[in-house]
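Right under this line is the structure:
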């Protein structure tokens with residue numbers, strides 16, 4: 011899942027992992043390799059919406 015987020019934000023995999031690590035307390039743990047819908051909402055709130063989904 012972090013790989014998909016990296017593509018959305020157009021950054022490298024290590025960069026998105028570093029960004030997510032910074033908000034890790036708010037996110038909590040992933041369920042396996044995936045983030046929940048609530049966790050994705052928190053990521054978007056903290057990092058802003060990726061430009062690739064703007065209209």
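Numbering (my numbering), first residue to last: 11 to 65. For every residue, glycine included, the Cβ atom is placed at its ideal position computed from N, Cα and C. Bear in mind that the values here come from a model prediction, so they are computed numbers and not experimental data.
Sub-8 Å separation of residue i and residue j beta-carbons
i: residue 12; j: residue 33; result: no
i: residue 62; j: residue 18; result: yes
i: residue 49; j: residue 57; result: no
For residue j and residue i, the rounded distance between their alpha carbons
i: residue 39; j: residue 46; result: 10 Å
i: residue 25; j: residue 54; result: 15 Å
i: residue 60; j: residue 20; result: 8 Å
i: residue 35; j: residue 52; result: 11 Å
i: residue 23; j: residue 41; result: 19 Å
Under the three-state DSSP convention, the category residue i falls into
i: residue 44; result: strand
i: residue 20; result: coil
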